[in-house]
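Engineer: Chains as they are written, first to last, in the working numbering: chain A, 601 to 846; chain B, 601 to 846.
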DNA sequence: CGCTGCTTTGAAGCCCTTCAAACCAGGTGG
DNA sequence: CCACCTGGTTTGAAGGGCTTCAAAGCAGCG
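1) Along the chain, where does the alpha helix (DSSP H) that runs through residue 705/B open and close?
2) Pick helix, strand or coil for residue 781/A, following the three-state DSSP scheme.
3) Assuming the contact rule is C-beta atoms closer than 8 Å, residue 674/B and residue 751/A should be a hit. Round their C-beta distance to whole Å, please.
4) Quick check: the Cα distance between residue 749/A and residue 679/B, rounded to an integer number of angstroms?
5) Between the Cα of residue 827/A and the Cα atoms of 805/A, 735/A, 762/A, which residue gives the shortest distance?
6) Taking only beta carbons into account, state which residues of the stretch 607-630 of chain B come closer than 9 Å to chain A, listed in chain order.
7) Going along chain A in order, which residues have a C-beta closer than 7 Å to the C-beta of residue 749/B?
8) State the DSSP-derived secondary structure class of residue 544/A, mapped to helix, strand or coil.
9) Using the Cβ count rule (16 or more neighbours within 10 Å means buried), how would you classify residue 654/A?
10) Is it true that the CB of residue 804/A sits closer than 8 Å to the CB of residue 815/A?
11) So if I threshold CB-CB distances at 7 Å, which residues from the stretch 671-701 of chain B count as touching chain A?
12) Please state whether DSSP places residue 738/A in a helix, a strand or coil.
13) Check residue 775/A in the structure and name its three-state DSSP category.
14) Taking the alpha carbon of residue 807/B as the point to measure from, which residue in 753/B, 731/B, 611/B, 745/B has its own alpha carbon closest?
15) Just to make sure I have the definition right: I need the residues of chain B whose C-beta is within less than 8 Å of the C-beta of residue 833/A. Which are they?
16) Which value, in whole angstroms, describes the spacing of the CA atoms of residue 797/A and residue 783/A?
17) For residue 668/A, count neighbouring C-beta atoms within 10 Å of its own C-beta (all shown protein chains included) and say buried if the count is 16 or more, exposed if not.
18) Under a CB-based cut-off of 8 Å, is residue 785/B close to chain A?
19) Hey, out of 721/B, 631/B, 729/B, 790/B, whose CA is closest to residue 757/B's CA?
20) State the Cα-Cα distance for the pair residue 770/A and residue 747/B, rounded to the nearest angstrom.
21) Enumerate in chain order the residues of its own chain whose CB-to-CB distance from residue 616/A is below 6 Å, with the five nearest sequence positions on each side excluded.
22) Does the Cβ of residue 695/A have 16 or more other Cβ atoms within 10 Å, making it buried, or fewer, making it exposed?
23) Express the C-alpha separation of residue 633/B and residue 642/A in angstroms, rounding to a whole number.
24) Contact between the stretch 656-663 of chain A and the stretch 721-738 of chain B: three or more CB pairs below 8 Å?
25) Give me the residue from 811/B, 739/B, 802/B with the minimum Cα distance to residue 778/B.
26) Give the DSSP bridge partners of residue 680/A, in chain order.
27) Does the stretch 704-714 of chain B come into contact with the stretch 704-713 of chain A, if we say contact requires no fewer than three beta-carbon pairs (one atom in each stretch) closer than 8 Å?
28) Express the C-alpha separation of residue 838/B and residue 801/A in angstroms, rounding to a whole number.
29) Note down, in chain order, each residue of its chain lying with its Cβ closer than 7 Å to the Cβ of residue 724/B, except the 5 sequence neighbours on either side.
30) Looking at residue 688/A: is its Cβ nearer than 8 Å to the Cβ of residue 657/A?
31) Helix, strand or coil for residue 696/B, going by three-state DSSP, please let me know.
32) Would you say residue 733/A reaches chain B, if we count a Cβ-Cβ gap shorter than 8 Å as a contact?
33) For residue 699/A, which of 651/A, 813/A, 795/A has the nearest alpha-carbon?
34) By DSSP, does residue 727/A sit in helix, in strand, or in coil?
35) Decide if residue 619/A is buried, meaning its Cβ has at least 16 other Cβ atoms within 10 Å, or exposed.
36) Strictly under 8 Å for the Cβ-Cβ distance: is residue 844/B near chain A by that measure?
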């Protein structure tokens with residue numbers, strides 16, 4: 601147990617147990633594949649595209665993101681990771697990544713060797729399916745972002761992201777219906793949303809003036825969640841929040 | 601063997617064997633989970649959002665897509681599936697889908713019961729990882745589409761899609777460096793690209809006039825693949841075309 | 001041979017970008 | 001302890017890429 605009373609894999613377990621039961625034996629087995637806790641500062645790129653990996657990274661504290669860069673210096677963030685996410689579990693089968701992985705805020709994580717994951721998943725097929733599920737959940741998030749980027753206006757898209765993070769952080773106990781911490785810049789937000797930081801700034805102003813949500817001093821304050829969700833056409837179905845035998 | 605000389609799972613095996621070796625025993629086991637071949641007409645939605653599934657669909661012939669609709673009738677296609685793709689393998693762990701699945705052209709597929717997949721993956725961990733890999737490949741394609749939708753211009757984005765399909769169809773023997781069949785409408789193309797069909801039409805005109813690629817009468821003809829790839833900043837790394845022990 | 005769905009083109013407008021500069025807050029050093 | 005520096009935020013003005021609206025052209029098929 602850390603001083604905060606939150607154990608190494610507690611948030612991962614919270615995330616998984618929303619979706620299915622995890623036995624005590626499975627929990628112990630999962631714990632067995634995790635290494636020492638490590639700390640990294642903000643804005644630290646620690647996986648570069650094409651870099652071969654033999655470990656996967658469980659995010660314990662802080663925010664990370666996956667991103668891809670284009671030649672003209674443009675960047676698209678393809679997913680934000682919250683505590684409890686296995687940020688690069690997909691590298692277990694991909695062997696290297698087509699994108700980069702960086703910290704957005706100071707982070708703590710625990711690494712898990714692919715060799716141990718190989719044994720774990722062969723021995724515990726149900727855990728294998730749960731981990732598989734969690735990479736499929738990442739893909740579902742990618743799809744929803746495709747919809748946002750392709751079809752939603754800047755205002756709707758921004759609202760949608762705030763809704764998504766409220767749910768995902770809420771699942772691991774890091775958000776209420778009213779607020780959550782989000783220590784990223786407007787530029788980083790723009791890189792998630794396929795916009796310029798200038799326009800994100802204007803959008804944030806409108807969301808604030810409409811009394812829906814305020815993003816200020818590293819915090820998201822939600823004034824009217826139902827209306828925010830309506831604006832964004834936010835339907836949490838893509839986050840698979842129900843318990844199913846998987 | 602069908603009359604065309606292509607067996608049920610040949611294209612799936614082609615796809616997988618680009619990325620890793622599949623033993624004869626594994627091949628037989630894989631064959632064992634597939635049901636009868638079925639045929640569907642074009643424009644047939646056969647999985648609706650939230651519909652619970654107990655089978656997954658291996659696409660044998662034709663093109664399918666995953667899509668999400670918004671309330672105002674807007675649609676975003678989030679991935680195009682080509683023969684050899686397990687179009688909704690992710691439903692094996694998700695249990696239902698957050699999106700729809702439809703045929704773009706007349707299709708043949710073989711269903712595979714989740715119960716059988718469960719046994720197969722528990723018994724053959726390497727096959728499990730290969731199937732897991734293939735859902736992670738779908739996620740990689742989603743990410744690349746996020747980059748296109750978020751950061752590439754309409755022209756680059758369209759060029760990029762043509763490049764992607766050339767590689768993916770080429771992998772299963774359905775495209776050369778010069779051309780491939782693509783029997784979809786400009787509206788469907790627009791729904792992939794986050795554009796209007798009107799603008800897609802103008803973009804196609806420019807690509808044609810630049811002597812890069814022509815999309816006409818259900819066929820893509822590539823005049824200058826290197827230049828097309830340069831325009832799109834197409835890097836096939838995200839398609840994981842190299843053989844690795846997975 | 002005419003219907004239907006798809007493609008093509010034109011004109012006007014808007015959402016978001018680009019460029020530029022001012023503002024602001026937090027941290028550092030004199 | 002304030003002046004300065006730096007990175008992030010905010011605002012304005014002009015421009016462009018894509019959309020919207022509208023209509024004509026075209027091809028395949030009953």
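Positions of the beta carbon are idealized from the N, C-alpha and C atoms, including for glycine.
These numbers come from a predicted model, not from an experiment.
Structural biologist: Quick look at the numbers:
1) Where residue 705/B is concerned, there is no enclosing alpha helix (DSSP H), given that its DSSP letter is neither H nor E.
2) strand
3) 5 Å
4) 14 Å
5) 762/A
6) none
7) 746, 749, 750, 794
8) The question about residue 544/A has no answer, for chain A in this structure spans 601 to 846.
9) exposed
10) yes
11) 671, 674, 676, 678, 690, 693, 694, 695, 698, 699
12) helix
13) strand
14) 753/B
15) 670, 671
16) 16 Å
17) buried
18) no
19) 790/B
20) 27 Å
21) 622, 730
22) buried
23) 47 Å
24) no
25) 811/B
26) 665/A
27) no
28) 32 Å
29) 626, 629
30) yes
31) strand
32) yes
33) 651/A
34) helix
35) buried
36) yes
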